Amino acid sequence: MLSTTLRSSALAAGPTLRRSLATHTPFYEKDCSSITPPYAQLIGKLEHVRELLNNRPLTLAEKILYSHLNDPEKSLSGGGKIRGESYLQLTPQRVAMQDASAQMALLQFMSAGLSQCAVPTSIHCDHLIQAINGAESDLKRSITSNKEVFDFLESAARKYGIEFWKPGSGIIHQIVLENYAAPGILMLGTDSHTPNAGGLGLLAIGVGGADAVDAMTGTPWELKAPQVVGIHLTGKLSGWATPKDLILHLAGKLTVRGGTGRILEYFGPGVANQSCTGLATVANMGAEVGATTSTFPYTENMRAYLNATGRAPVARAADHAASMGFLNADKGAEYDEVIEINLSELEPTINGPFTPDLATPLSKFGSFVKEQGWKDELSAGLIGSCTNSSYEDMTQVADLAKQAKAAGLVTKVPFLCTPGSEQIRATMERDGITSTLEDVGAVVLANACGPCIGQWKRDDMKDEENAILTSFNRNFKSRNDGNRLTMNFLASPTIVTAMAFSGSLSFNPITDTLTLPSGKPFRFAPPAGQDLPTEGFTQGNTNYYPSPTPEPQPETEIIICADSQRLELLEPFPSHFGNRGLELPPLKVLMRVRGKCTTDHISAAGPWLKYKGHLTNISENLLITAVNDEGGDVNVAFDYDQATGETDTDTIPAVAKRFKARNEPWTLVVDDNYGEGSAREHAALQPRFYGCAMIVARSFARIHETNLKKQGVLPLWFADKNDYSRIGSGDVVQTIGLADLIEGRQNAEVKLKVTKRTGEVFEILTKHTMSEDQLKWLRAGSALNFIRSQLS
Ligand code: SF4
Numbered sequence: 001m002l003s004t005t006l007r008s009s010a011l012a013a014g015p016t017l018r019r020s021l022a023t024h025t026p027f028y029e030k031d032c033s034s035i036t037p038p039y040a041q042l043i044g045k046l047e048h049v050r051e052l053l054n055n056r057p058l059t060l061a062e063k064i065l066y067s068h069l070n071d072p073e074k075s076l077s078g079g080g081k082i083r084g085e086s087y088l089q090l091t092p093q094r095v096a097m098q099d100a101s102a103q104m105a106l107l108q109f110m111s112a113g114l115s116q117c118a119v120p121t122s123i124h125c126d127h128l129i130q131a132i133n134g135a136e137s138d139l140k141r142s143i144t145s146n147k148e149v150f151d152f153l154e155s156a157a158r159k160y161g162i163e164f165w166k167p168g169s170g171i172i173h174q175i176v177l178e179n180y181a182a183p184g185i186l187m188l189g190t191d192s193h194t195p196n197a198g199g200l201g202l203l204a205i206g207v208g209g210a211d212a213v214d215a216m217t218g219t220p221w222e223l224k225a226p227q228v229v230g231i232h233l234t235g236k237l238s239g240w241a242t243p244k245d246l247i248l249h250l251a252g253k254l255t256v257r258g259g260t261g262r263i264l265e266y267f268g269p270g271v272a273n274q275s276c277t278g279l280a281t282v283a284n285m286g287a288e289v290g291a292t293t294s295t296f297p298y299t300e301n302m303r304a305y306l307n308a309t310g311r312a313p314v315a316r317a318a319d320h321a322a323s324m325g326f327l328n329a330d331k332g333a334e335y336d337e338v339i340e341i342n343l344s345e346l347e348p349t350i351n352g353p354f355t356p357d358l359a360t361p362l363s364k365f366g367s368f369v370k371e372q373g374w375k376d377e378l379s380a381g382l383i384g385s386c387t388n389s390s391y392e393d394m395t396q397v398a399d400l401a402k403q404a405k406a407a408g409l410v411t412k413v414p415f416l417c418t419p420g421s422e423q424i425r426a427t428m429e430r431d432g433i434t435s436t437l438e439d440v441g442a443v444v445l446a447n448a449c450g451p452c453i454g455q456w457k458r459d460d461m462k463d464e465e466n467a468i469l470t471s472f473n474r475n476f477k478s479r480n481d482g483n484r485l486t487m488n489f490l491a492s493p494t495i496v497t498a499m500a501f502s503g504s505l506s507f508n509p510i511t512d513t514l515t516l517p518s519g520k521p522f523r524f525a526p527p528a529g530q531d532l533p534t535e536g537f538t539q540g541n542t543n544y545y546p547s548p549t550p551e552p553q554p555e556t557e558i559i560i561c562a563d564s565q566r567l568e569l570l571e572p573f574p575s576h577f578g579n580r581g582l583e584l585p586p587l588k589v590l591m592r593v594r595g596k597c598t599t600d601h602i603s604a605a606g607p608w609l610k611y612k613g614h615l616t617n618i619s620e621n622l623l624i625t626a627v628n629d630e631g632g633d634v635n636v637a638f639d640y641d642q643a644t645g646e647t648d649t650d651t652i653p654a655v656a657k658r659f660k661a662r663n664e665p666w667t668l669v670v671d672d673n674y675g676e677g678s679a680r681e682h683a684a685l686q687p688r689f690y691g692c693a694m695i696v697a698r699s700f701a702r703i704h705e706t707n708l709k710k711q712g713v714l715p716l717w718f719a720d721k722n723d724y725s726r727i728g729s730g731d732v733v734q735t736i737g738l739a740d741l742i743e744g745r746q747n748a749e750v751k752l753k754v755t756k757r758t759g760e761v762f763e764i765l766t767k768h769t770m771s772e773d774q775l776k777w778l779r780a781g782s783a784l785n786f787i788r789s790q791l792s
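Take 1 as the starting number for the sequence shown in full-length UniProt numbering and just add one per residue.
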């Protein structure tokens, strides 16, 4: 079934498009002026790229990426292989940010000094809403407890003309799909499940705040050209199998790392049969295999979804773009790997616990539970989230609830439902879905992330081993209820619902029966659903919604309380150079970091997340899990006093703070692949905040290296990796040749003059990856300082 060879596919061309016969009339028509893609411009650029690439056939992912190149000649000039090797400078069409990650992104954007965003941008209040009792009271409480963050986000949105979706409006990815996503565009989101929007045939990529700020300031955004994996879908889903089962099955095949540095591009006759929201579920969970993003060729179901969500002008424009060949792969396009999946053979799948790639077909799940020696008990069922909260999901689940109610059954365990958006919630309520679910025991929570991100105040299971089934996308330990002993299994909403009526993990609704109070057996019929509401969607409470394309209001004061512990204005970082020429000042070595040092080691997550918008507070976690190569201890650094020859030992952030207090710039010596892991901008901001001017590495992880450059920290590579161990804490390092490099002298080399604590002096050679533009950032003190300087 799995073909790993590079091959050409005649099937790469998407399905033939016919005019839509969709009958789902929207109740409203949106202002589509800012959401209709500039197809003529994109197609024009793609034509130019085709010439540069000798008219070779392109995958859909390549078409979308290359039509968003900032300067095609520059990005594609290498002549060699592009996918997996070249770095692309891209201009995304749009940015979406959730309330937790938007804080630092906005603080950085503010320090660029621009009066508005370069691209349409939206903020979504969803992650900070805690689920306890139900929608109304949960929402009120969360608005009060997070007031300062919401006030900050709302005021910044008003000032810069950003669309602000209030608490209660829904989950970022569902709202993006319903309102902003459009076939063929490239967009960024500051959340890992941004690829959800790929259900509408675009490339939506999850990034850190610093990358979002690139797009918001009009700076080209850099991406290593991903490889493209073709997923060839044949056959048709039937019975209990859903799109969720397709991605659960694929996660089992690819594992959590199988998609790294790759785009998953689905093609073949099996695509057209799926609803748009079903495709969004598949794209959403592509994040679980580490994929850059996922996409699909334009289909009639996408057109129907655009029409049903009030975006007929976008559908018409997409129809035209599709007729020009823009929204599907070229015939003969080559993929880096092709995976074959016959949808007719798929059965429901359950993944977990604790990892999304441990996939077990439903028919084998009962014996799997037995073999592991787990209790055959389910403690709760949860449906919804950004992954599975579509109208289709909810109507299928309601169908099962109706069957159960007619038979006199109610759920045996707590059954929680989080609608993905106010539009879904209101439509569910209007169409009787909510009451159907409540009739059998469901609790409907606020339209927010809630239990999916640990915002579930669960009182029934504390520190006890138990099993829950969810239709969410992630199942790391503690993710839902904070209890490391809760085993979280992922399944389709319909399997979760059926299991909630049985209360047992080994129940297979396809083959097994439940016993009715009368003693008679009851078996569910396969769930029936409807992808779009016959009467159209209803918007619900429009007070939660922004006005479309709001004008910036520059006079708005951004609200940050002076004594806030969660938010702090960012002071622009000063340039390292001042009037003293273009060599860095002498830098003291803070420490030599040993071995693996990811962005998690540099800026730990967990309890520190609440300080994401407060650089001073979050910097208290700088490198607290890093190993000092001099002694081998974690979170230990030495403060050496040249004058007295004495050394104080303290934590790493404490020593960094002392250096900052003494106005003593410093450097770090680090090992291989420094800064691997998530693209967390805090890992670059925090050392810079304490006065770090340069980091010298055996090697850098590319994204972190770029983040350091953006914050005005010079990343240098040892020309000879053995030099790593020649430099230690308390030594002083000076650059030689940096001025030549900044001034653009040909063949300029940067050397380091090292003065050891013992007085010994030697020079070593380094390498660098600084571009001309990045040297301007370094000179200005940061990329944002440079942008601001261009305004004046
Ligand atoms: Fe992330 Fe879950 Fe919220 Fe989706 S519902 S955005 S996966 S926290």
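Cβ coordinates follow ideal geometry from the N, Cα and C atoms, glycine included.
Bear in mind that the values here come from a model prediction, so they are computed numbers and not experimental data.
Taking C-alpha positions only, residue 496 is separated from residue 382 by approximately 7 Å. Look at residue 466 here: in three-state DSSP terms it is strand. The alpha-carbon separation between residue 398 and residue 314 amounts to approximately 31 Å. Cα atoms of residue 201 and residue 194: separation of roughly 13 Å, rounded to the nearest angstrom. Distance check between residue 233 and each of 215, 272, 651 and 157 places 272 closest, using alpha-carbon atoms only. Cα atoms of residue 380 and residue 29: separation of roughly 39 Å, rounded to the nearest angstrom. Assignment of residue 302 by DSSP, reduced to helix, strand and coil, places it in the helix class. Collapsing the DSSP output to three states places residue 374 in coil.
Rounded to whole angstroms, residue 279 and residue 66 show a C-alpha spacing of 23 Å. The three-state secondary structure of residue 648, taken from DSSP, is strand. Straight-line measurement puts the Cα of residue 355 at about 41 Å from the Cα of residue 317. A direct Cα-Cα distance of roughly 42 Å separates residue 453 from residue 331.
Contact check between the segment 748 to 768 and the segment 615 to 624: fewer than three CB pairs, one atom from each, fall below 8 Å, which does not count as touching.
Under the DSSP definition of a beta bridge, residue 97 partners with 123.
Looking at the DSSP output, residue 638 shares a beta bridge with 649. A straight-line Cα-Cα distance of about 10 Å links residue 252 and residue 350.
Shown here, residue 365 sits in a helix according to DSSP, grouped into three states.
Residue 395 is positioned such that its CB atom lies closer than 9 Å to that of residue 530. Assigned with DSSP and collapsed to three states, residue 46 falls in helix.
Taking one beta carbon from each stretch, the segment 682 to 696 and the segment 625 to 638 have fewer than 3 pairs nearer than 8 Å; the two do not touch. Residue 384: member of the beta strand (DSSP E) spanning 380 to 384, first to last residue. In this structure, residue 108 sits away from residue 149, with a CB-CB distance that is not shorter than 9 Å. Annotation for residue 160: the continuous alpha helix (DSSP H) segment containing it runs 147 to 160.
Here the alpha carbons of residue 286 and residue 338 stand approximately 16 Å from one another. Looking at the DSSP output, residue 86 shares a beta bridge with no other residue. Taking a contact as a CB-CB distance under 8 Å, the pair residue 293 and residue 203 counts as one, their CB atoms being some 5 Å apart.
Residue state for residue 628 is assigned as strand, using DSSP reduced to three classes.
Membership of residue 129 in any beta strand (DSSP E) is not indicated, and neither H nor E is assigned to it by DSSP. Distances from the CA of residue 248 to each of 371, 372, 388 and 138 were compared; the closest alpha carbon is that of 388. Note on residue 134: under 16 other CB atoms within 10 angstroms of its CB, so exposed under the neighbour-count rule. If only complete runs of 3 or more residues are kept, the segment 401 to 466 shows the beta strand (DSSP E) at 415 to 418 and 442 to 444, in order along the chain. Within 10 angstroms of the beta-carbon of residue 140 lie fewer than 16 other beta-carbons, which makes it exposed.
Cβ contact annotation for residue 503 (same chain, cutoff 6 Å, sequence separation greater than five): 378, 412 and 413, in chain order. Exclusion of the five residues before and after residue 281 leaves 243, 244, 247, 387 and 388 as the residues of its chain whose Cβ lies within less than 7 Å of its Cβ.
Going by C-alpha positions, residue 732 is about 21 Å away from residue 579.
Going by DSSP, residue 247 is part of the alpha helix (DSSP H) stretching over 243 to 254.
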